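Student: In order, the protein sequences belong to chains A and B.
Take 43 as the starting number for the first sequence in the numbering used here and just add one per residue.
Take 43 as the starting number for the second sequence in the numbering used here and just add one per residue.
Backbone N, C-alpha and C fix where the C-beta goes; we use that ideal spot for every residue, glycine too.
The model shown is predicted, which means the values in this text are computed figures rather than measured ones.
Okay, here's the structure, questions in a sec.
There are 2 protein chains.
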Amino acid sequence: MSEPEKQFADFLRSKGLKFTPERREILRKIFATHEHFDVETLFEKLKKGGERISLATIYRLVPLLIESGMIRQATRCEGHVTYEHVFGHKLHYHLVCVRCGKIIEFRDEGIERLLMQVCDKYDFTVIDHRLGVRGICSACREE
Amino acid sequence: MSEPEKQFADFLRSKGLKFTPERREILRKIFATHEHFDVETLFEKLKKGGERISLATIYRLVPLLIESGMIRQATRCEGHVTYEHVFGHKLHYHLVCVRCGKIIEFRDEGIERLLMQVCDKYDFTVIDHRLGVRGICSACREE
DNA sequence: ATTTACCTGAGAATGATATTCAATTACACC
DNA sequence: GGTGTAATTGAATATCATTCTCAGGTAAAT
Ligand SMILES: [Mn+2]
Ligand SMILES: [Mn+2]
Ligand SMILES: [Zn+2]
Ligand SMILES: [Zn+2]
């Protein structure tokens, strides 16, 4: 059993919930790549892989995946919600090209530090934060 | 005519569009306060004010308000989209309390500077960016 | 074997947003 | 002040993602 599976199974057990075959398959598909994803494409992938797991099951699992720290909502730049891995990934931010959709991920400890100073100043307890930049990537600008 | 009205009227004219009474009322209601808003509450406010402007008209106006630089999408923390003023407001970021919904706005030039450095490094042309922190405000933490 | 709590797929329901359409309006030109 | 034209409107309808309902399943605990 892979690391995320172990962790997630533990999380479910600790809440009296079950690590069912459906849940395992969904989790595997999510961690099979490192890309951001949305529910619909995840569903399509599972279907292509021969699974017959319903959309409802995926939608029901998402809040548990978030609560357990497996995934989180990614920076929103489209009409629907997308997710990204948390487990096994350092905190990072995004540059999103509005023309081609490419996503550049980056870290910046300076920004993180300044941000924590601000939160201290306002006596604000951070749960989570996100930073996204919309713009045009260099490839798209050439044209 | 107030500043935002002038600007927006100019914008519309430059595109061969019209600054109708409905559009004026919507714009006025938006700039009557400094709060973030969503389409539904804006609609309710207009209705309470005696206006009978349809939801569709508001939804149709939003993209024009964004394109003209009057408003932009605010940091998303709920299921539906909210907006905030751009016109007359400096760039700022948000601390959002997930318990009481309070929003603390702040500026940080240090963060802005570091972010622009990152964008330079990736040769990325910024259109827009947003930074939001979810957490618990000090008042809510007391309890 | 019975109980109990949890899970599932299918489809219906919901809710935000977008679109259609027929009627109205604003503006430019006469 | 009329007229033509394109933009605009409200109401109704459609769309799309997400959530819920319901009628069976499952699996462990008693
Ligand atoms: Mn990412
Ligand atoms: Mn704001
Ligand atoms: Zn691009
Ligand atoms: Zn609070």
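Does DSSP classify V140(B) as helix, strand or coil?
Tutor: It is coil, neither helix nor strand.
Student: Report the rounded CA-to-CA distance for K48(A) versus D150(B), giving the unit in angstroms.
Tutor: If you take the alpha carbons of K48(A) and D150(B), they lie about 40 angstroms apart.
Student: Could you give the distance in angstroms between the alpha-carbon of P105(B) and the alpha-carbon of V81(A)?
Tutor: Taking the straight line joining both Cα atoms gives about 26 angstroms.
Student: Since I believe F50(A) is in contact with L69(A) (beta carbons under 8 angstroms), could you give me their beta-carbon distance rounded to a whole number of angstroms?
Tutor: With 8 angstroms as the limit, L69(A) and F50(A) qualify as a contact, their Cβ atoms being about 6 angstroms apart.
Student: Using a Cβ-Cβ cut-off of 6 angstroms (strictly less than) and excluding sequence neighbours within five positions of K87(B), which residues of its own chain qualify?
Tutor: K71, listed in sequence order.
Student: Could you tell me whether any Cβ in chain A is nearer than 9 angstroms to the Cβ of T124(B)?
Tutor: No, because no Cβ of chain A sits closer than 9 angstroms to the Cβ of T124(B).
Student: Considering only their Cβ atoms, is the gap separating R172(A) from G174(B) smaller than 9 angstroms?
Tutor: Yes, they are a contact pair.
Student: Please list, in chain order, the residues of the stretch 159 to 170 of chain B that have any C-beta partner in chain A closer than 7 angstroms.
Tutor: Hits within the stretch, in order: V160, C161, Y164, D165, F166, T167, V168, I169, D170.
Student: Report yes or no: is there a C-beta of chain B within less than 9 angstroms of the C-beta of L133(A)?
Tutor: Output row for L133(A): interface = no.
Student: Relative to the alpha-carbon of E64(B), which residue among G91(B), I145(B), H78(B) has its alpha-carbon at the smallest distance?
Tutor: The candidate whose alpha carbon is nearest that of E64(B) is G91(B).
Student: With respect to the alpha helix (DSSP H) encompassing T83(B), which residues constitute its N-terminal and C-terminal limits?
Tutor: Element bounds for T83(B): 81 to 90.
Student: Which stretch, first to last residue, makes up the alpha helix (DSSP H) that contains G152(A)?
Tutor: Run containing G152(A): 151 to 163, per the alpha helix (DSSP H) assignment.
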